[in-house]
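Its first residue numbered 813, the sequence shown is counted upward by one per residue in the working numbering. We put the CB at the ideal spot given by N, CA and C, even for glycine. No experiment lies behind these values; they were computed from the predicted model shown.
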Amino acid sequence: MSFDFQEADQTSSNDVPTHFGGDHPLGLPLIMELEAKGYIVITSVSSPEGVSAIERKSHGFIRDLVLDSNESGTIPILLRS
813 MSFDFQEADQ TSSNDVPTHF GGDHPLGLPL IMELEAKGYI VITSVSSPEG
863 VSAIERKSHG FIRDLVLDSN ESGTIPILLR S
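If you want it as structure tokens, here you go:
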């Protein structure tokens, strides 16, 4: 996957896509595509291991936040971010 700086300049804006389910099998290709187009992406994952997996594949423009629906303590952390 290559990064086209001209394309990124054309799509650059103040928009920051938010994606829930970054660690879902269909989520990773979507957020990687958005990053490749020049967006900064905020995504949720269900575990800290999901954060590591996505950060290893990204180029630094994806922010992963842990949101475990079975653990209510993760909701305020996500909302503050």
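Quiz item: Nearest-angstrom Cα distance between P829 and E861?
Solution: 22 angstroms
Self-check item: Contacting residues, own chain, Cβ-Cβ under 8 angstroms from I867 (five flanking each side not counted)
Solution: Checking the displayed sequence, the identity of residue 867 turns out to be Glu instead of Ile. Annotation for E867: I874 and D876 place their beta carbon closer than 8 angstroms to its own, counting only its chain and skipping 5 residues before and after.
Self-check item: Close Cβ partners of T855 (< 8 angstroms) along its chain, the five nearest in sequence each way excluded
Solution: T830, H831, F832, G833, G834, G839, I843, I866, I874, R875, D876 and L877
Practice problem: Name the residue from K869, S859 and D827 whose alpha carbon lies nearest to the alpha carbon of D880. | Solution: S859
Quiz item: Looking at the structure shown, is V857 part of a helix, part of a strand, or coil, going by DSSP?
Solution: strand
Exercise. For E847, collect the residues of the same chain with a Cβ closer than 8 angstroms to its Cβ; drop the 5 residues on either side in sequence, then sort them by chain order.
Key: Cβ neighbours of E847 beyond the five flanking positions: V853, S870, H871, F873 and I874.
Exercise. To the nearest angstrom, report how far apart E845 and D827 are at their CA atoms.
Key: 15 angstroms
Exercise. With I852 as the anchor, note down where its alpha helix (DSSP H) starts and where it stops.
Key: I852 -> no alpha helix (DSSP H), and no H or E assigned at all.
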